[in-house]
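Chemist: Handing you this structure, nothing more for now.
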Amino acid sequence: MRIGLYPGTFDPITLGHVDIIQRAATLVDRLVIGVAINRDKGPLFSLEERVAMVHAECDAIGQGRGVEIVVHPFENLLIDCARDVGASVIVRGLRAVADFEYEFQMVGMNRALDASVETVFLMADARRQAIASKLVKEIARLGGDVSKFVTPAVNQALRARYAAAPGERRAG
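Residue numbers for the sequence shown follow the UniProt record's numbering, beginning at 1 and rising by one.
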């Protein structure tokens, strides 16, 4: 069985993430979506909320493609997470050259830690290259429309989160 691991913080999951998940699901028999706890990033959504969002978006993808998609929270090294879930491949999405430079370093370190785990890069769809969770959160925080970047459920979650903190919103 080919098992792939697609890691990220998914804070929140975007249409860019969904695109990579859909395409990665055609390459493996089981795709594990590793939701990084990553306390250093100070996520907008709790781990439980992010896991629930990823589940909601991935359930239909897995059924539609006949692949098992599992959501797995993790806080350890990526290469250890890959070992924990039995992944032989790590899937990463690339949007731009800046992504490649960072990912190139990560591949080198991961290969030094465990050369048996490969990394596969999927280029973001041209319509999705500008989407980044950080930017989506900033636009939503400032009252902008993010419906082109996230699913309706995630858009609603963002609106609810920022409506709860009206002091965050500024006139643009």
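Where a beta carbon is used, it is the ideal one built from N, C-alpha and C, also for glycine.
The structure presented is a predicted model; accordingly, all values stated were derived computationally and were not measured.
Please return the same chain residues whose Cβ sits closer than 6 angstroms to the Cβ of Q129, not counting the five positions on each side in sequence.
Modeler: For this step, residue 129 is matched to residue 129 along the sequence shown. Result list for Q129: R95, in chain order.
Chemist: Using only CA atoms, which one of A115, A160, E68 and Y162 lies nearest to residue 177?
Modeler: Here the chain comprises residues numbered 1 to 172, so residue 177 is not present and cannot be evaluated.
Chemist: Pull up the distance between the alpha-carbon of Y162 and that of A52, whole angstroms please.
Modeler: If you number the sequence shown from 1, residue 162 lands on position 162. If you number the sequence shown from 1, residue 52 lands on position 52. Looking at the two C-alpha atoms, the distance is approximately 19 angstroms.
Chemist: Cβ atoms of L5 and I79: under 7 angstroms apart, would you say?
Modeler: For the purposes of this step, residue 79 is identified with residue 79 of the sequence shown, where counting begins at 1. For the purposes of this step, residue 5 is identified with residue 5 of the sequence shown, where counting begins at 1. No, these two residues do not count as a Cβ contact at 7 angstroms.
Chemist: What residues in its chain sit with their C-beta under 6 angstroms from that of R120, if we drop five residues either side in the sequence?
Modeler: Within the sequence shown, the letter at position 120 stands for residue 120. The residue asked about is misnamed: residue 120 is Val in this sequence, not Arg. Cβ neighbours of V120 beyond the five flanking positions: V89 and V91.
Chemist: Taking all protein chains shown into account, decide if S46 is buried (16 or more other Cβ within 10 angstroms of its Cβ) or exposed.
Modeler: Residue numbering aside, residue 46 sits at position 46 when the sequence shown is read from its first letter. Its Cβ having fewer than 16 others within 10 Å, S46 is exposed.
Chemist: DSSP has L122 in a bridge; who is on the other side?
Modeler: Counting from one through the sequence shown, the residue named residue 122 turns up at place 122. Bridge partners of L122: G93.
Chemist: I'd like to know whether the C-beta atoms of L15 and F149 end up nearer to each other than 7 angstroms.
Modeler: Position 15 of the sequence shown, counting from 1, holds the residue named residue 15. Position 149 of the sequence shown, counting from 1, holds the residue named residue 149. Yes, these two residues count as a Cβ contact at 7 angstroms.
Chemist: Please work out which residues of its chain come closer than 8 angstroms, Cβ to Cβ, to R169, disregarding the five sequence neighbours upstream and downstream, and give them in chain order.
Modeler: Along the sequence shown, read from residue 1 onward, the residue named residue 169 stands at position 169. Because the pLDDT of R169 is 45, which lies under 50, any placement of that residue in the model is unreliable, and the number read from its coordinates should be weighed accordingly. R141, L142, G143 and Y162.
Chemist: So, V32 versus V97, is the Cβ gap smaller than 7 angstroms?
Modeler: Here residue 32 is taken as the residue at index 32 of the sequence shown, counted from 1. Here residue 97 is taken as the residue at index 97 of the sequence shown, counted from 1. For V32 and V97, no; Cβs fall outside 7 angstroms.
Chemist: Under a three-way DSSP split, which group does R141 fall into?
Modeler: As a working mapping, residue 141 is identified with position 141 in the sequence shown. In this structure, R141 counts as helix in the three-state DSSP scheme.
Chemist: So, with DSSP's three-state summary, where would you put E75?
Modeler: Your numbering for residue 75 matches position 75 in the sequence shown. In this structure, E75 counts as coil in the three-state DSSP scheme.
Chemist: Residues in its own chain within less than 7 angstroms of V154 by CB, not counting five upstream and five downstream?
Modeler: Residue mapping note: residue 154 aligns to position 154 of the sequence shown, counting from 1. Closer than 7 angstroms at the Cβ level, and outside the excluded window around V154, lie P12, I13 and M53.
Chemist: How would you label P152, buried or exposed, when you count the other beta carbons within 10 angstroms and need 16 or more for buried?
Modeler: Walking along the sequence shown from the start, residue 152 turns up at place 152. Under this definition P152 is an exposed residue.
Chemist: What are the boundary residues of the beta strand (DSSP E) that A36 is part of?
Modeler: Locating residue 36 in the sequence shown gives position 36, counting from the first residue. Unbroken beta strand (DSSP E) run through A36: R30 to A36.
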